[in-house]
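Engineer: The structure's right below; bear with me while I get my questions together.
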Ligand code: URP
Ligand code: ZN
Ligand code: ZN
Ligand code: ZN
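Numbering (our numbering), first residue to last: 46 to 523.
The following block contains the structure:
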């Protein structure tokens, strides 16, 4: 097995930065050494097969994207990244683990939904992967099956207060599922939007002829996110379930989370790059020769983009600084414009919901360091260390220390990338939601369990390199 020394870099963790060399033996980190330490005679290694020069660069734990949807059947089509293409793109972007959402659809057994997800992913991933379980049909059999999930390494499940007729759970179902969360210690992940009310508003807009993508965000008003977030918090309080709200975009939803956290409740939240950088106003202004105003469909996701004038984006950045939000995931759920987003021409309700960002998350969040919104350490914490702790992977992932998996990114702060429409990414998409973004910094080298999988822009990994991660219970709860 290969022994690798990453020398001359600045090792950044959630708590600080230090000039250090990192020694990797096979799949593990075996030592973090003072720069130029004499290896001979140390008990960790007597020879090094390969040296990676990280002079002038940051050495960080590989990114963990804890919210992805590879091959998700949704909106009459299927998310366009397979586990193979999506995890390869993730590797290019400095992400070395994902937690994807296995799906139990309505009428299906949880066990069968999970088995189907294992089948999609096994042998196809470039990087390590774990699963959350979507419970799309809460019934007695599902509740029984959920109790066994931790033994399978699945320690979190997602419920939906949105999407009636698809994944939606009513309050009675949520209450019962949260009781399982309390009993087992599994984390309840919640899509917090009032779906039934949104569907009424959406239908009324379409009746008025307001069918462009922009109206998706009008129908999904922030009041619907605030209300659902509050309801989820109260049901979690009542049952004693730990709660993690996914894809938070509304300022008022963050206020609800902060309110509950101040009372000592086990309530957490993530936001996503789209809610930090993109806005409803830009979606209204979106237009192209090919698609006209329908160009805005590339930014249709749920929760939706929010108004910049209302201050939602600033509020997300602030919450990332104050730890009212604890981490950043992508909610990577890509659809091509052609044949997929296009299904919603003339009716925004039929646009498949989702944005593809898995390849850009580390870079986009690094821009927060460049602009001074967050520190370098917070960047590492939000994108790697907290995701590891939140979802029971810490120690093995999320940190550069002896004994941890050698998931390491060498990041060049002097690199630069201009994101283009369709040619500058590896995600299986015919467009980019991030076209026109200028990114300072660049992922130089990516090591996944000891193997160099990305060197410069060259991919050296292979499908099947990534292994299933059996996760433990959350290491973040109070
Ligand atoms: O628009 C989104 N978020 N699509 C993926 C499904 C979900 O609700 O996370
Ligand atoms: Zn969701
Ligand atoms: Zn999602
Ligand atoms: Zn690159």
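Glycine included, every Cβ here is placed at the ideal spot set by N, Cα and C. Predicted, not measured: the structure shown is a model, and the values here were computed from it.
Under DSSP, the alpha helix (DSSP H) around residue 187 begins and ends at which residues?
Structural biologist: Looking at the DSSP string, the run of the alpha helix (DSSP H) that includes residue 187 is 185–193.
Engineer: With a cut-off of 8 Å on the beta carbons, I'd call residue 234 and residue 318 a contact; round off their distance for me.
Structural biologist: Going by Cβ atoms, the distance from residue 234 to residue 318 rounds to 19 Å, so no, they are not a contact pair.
Engineer: Put residue 500 into one of helix, strand or coil per three-state DSSP.
Structural biologist: strand
Engineer: Give the DSSP bridge partners of residue 484, in chain order.
Structural biologist: 462
Engineer: If you draw a straight line from the alpha carbon of residue 508 to that of residue 287, how long is it in whole angstroms?
Structural biologist: 35 Å
Engineer: Taking the CB atoms as reference points, tell me whether residue 111 and residue 144 lie closer together than 8 Å.
Structural biologist: yes
Engineer: Around ligand 1, which residues pass a check of Cβ closer than 6 Å to any of its heavy atoms?
Structural biologist: 114, 236, 292, 346, 347, 376, 378, 398 and 399
Engineer: Please confirm whether any heavy atom of ligand 3 lies closer than 7 Å to the CB of residue 476.
Structural biologist: Judged by the Cβ position, residue 476 fails to qualify as a neighbour of ligand 3 at the 7 Å threshold, every heavy atom of the ligand being at least this far.
Engineer: Relative to the C-alpha of residue 435, which residue among 140, 132 and 314 is closest?
Structural biologist: 314
Engineer: Taking 7 Å as the cut-off, does the CB of residue 112 come closer than this to any heavy atom belonging to ligand 3?
Structural biologist: Flag set: Cβ of residue 112 near ligand 3.
Engineer: Thinking just about the alpha-carbon of each residue, which of 92, 62 and 79 is nearest to the one in residue 71?
Structural biologist: 92
Engineer: Per DSSP, residue 379 is paired with what?
Structural biologist: Partner(s): none; residue 379 has no beta bridge.
Engineer: With distances taken Cα to Cα, identify the nearest neighbour of residue 502 among 181, 356 and 136.
Structural biologist: 136
Engineer: Which whole runs of the alpha helix (DSSP H) in the segment 110–177 are 4 residues long or more, in chain order?
Structural biologist: 128–137 and 155–166, all fully within the segment 110–177.
Engineer: What are the start and end residues of the beta strand (DSSP E) that includes residue 75?
Structural biologist: 73–78
Engineer: Taking Cβ positions, are residue 378 and residue 400 nearer each other than 8 Å?
Structural biologist: yes
Engineer: Sort 371, 307, 311 and 257 by Cα distance to residue 339 and report the nearest one.
Structural biologist: 257
Engineer: Distance, Cα to Cα, residue 104 vs residue 406?
Structural biologist: Straight across, the Cα-Cα distance linking residue 104 with residue 406 is about 17 Å.
Engineer: Here's the rule: buried if 16 or more other CB atoms are within 10 angstroms of the residue's CB, otherwise exposed. What is residue 245?
Structural biologist: exposed
Engineer: Could you give the uninterrupted runs of the alpha helix (DSSP H) lying entirely in the segment 407–454, keeping only those of 4 residues or more?
Structural biologist: Listed in chain order, they are 421–425 and 431–435.
Engineer: Name, in chain order, the residues that DSSP records as bridge partners for residue 396.
Structural biologist: Per DSSP, none; premise fails for residue 396.
Engineer: What span of residues does the alpha helix (DSSP H) with residue 259 cover, start to end?
Structural biologist: 259–264
Engineer: Using 8 Å as the cut-off, can you tell me whether the segment 367–375 makes contact with the segment 217–236, which would need three or more C-beta pairs spanning the two stretches below that distance?
Structural biologist: no
Engineer: Under a Cβ-count criterion, where at least 16 other Cβ atoms within 10 Å of its own Cβ denotes burial, should residue 60 be classed as buried or exposed?
Structural biologist: The residue in question, residue 60, is exposed, as its Cβ has fewer than 16 Cβ neighbours within 10 Å.
Engineer: Below 8 Å on the Cβ atoms is my guess for residue 206 versus residue 277; work out the distance and round it to an integer in Å.
Structural biologist: 7 Å
Engineer: Does the distance from the C-beta atom of residue 51 to that of residue 97 stay below 8 Å?
Structural biologist: yes
Engineer: Is it the case that the Cβ atoms of residue 198 and residue 512 are separated by a distance below 8 Å?
Structural biologist: Not closer than 8 Å, so no.
Engineer: Nearest by alpha-carbon distance to residue 211: which of 236, 336, 201 and 227 is it?
Structural biologist: 236
Engineer: On the DSSP bridge list, what partners appear for residue 233?
Structural biologist: For residue 233, the pairing in a beta bridge is given by DSSP as 202 and 288.
Engineer: Express the C-alpha separation of residue 421 and residue 62 in angstroms, rounding to a whole number.
Structural biologist: 9 Å
Engineer: Could you tell me whether the segment 435–444 touches the segment 466–484, where touching means 3 or more Cβ pairs closer than 8 Å?
Structural biologist: no
Engineer: Considering residue 351, what are the terminal residues of the alpha helix (DSSP H) in which it resides?
Structural biologist: Unbroken run through residue 351: none, as it is neither H nor E.
Engineer: Going by DSSP, name the residue or residues bridged to residue 48.
Structural biologist: 70
Engineer: In whole angstroms, what separates the C-alpha of residue 403 from that of residue 118?
Structural biologist: 18 Å
Engineer: Given that a residue counts as buried once 16 or more other Cβ atoms are within 10 Å of its Cβ, and exposed if not, what is residue 213?
Structural biologist: buried
Engineer: Within 10 angstroms of its Cβ, does residue 415 collect 16 or more other Cβ (buried), or is it exposed?
Structural biologist: exposed
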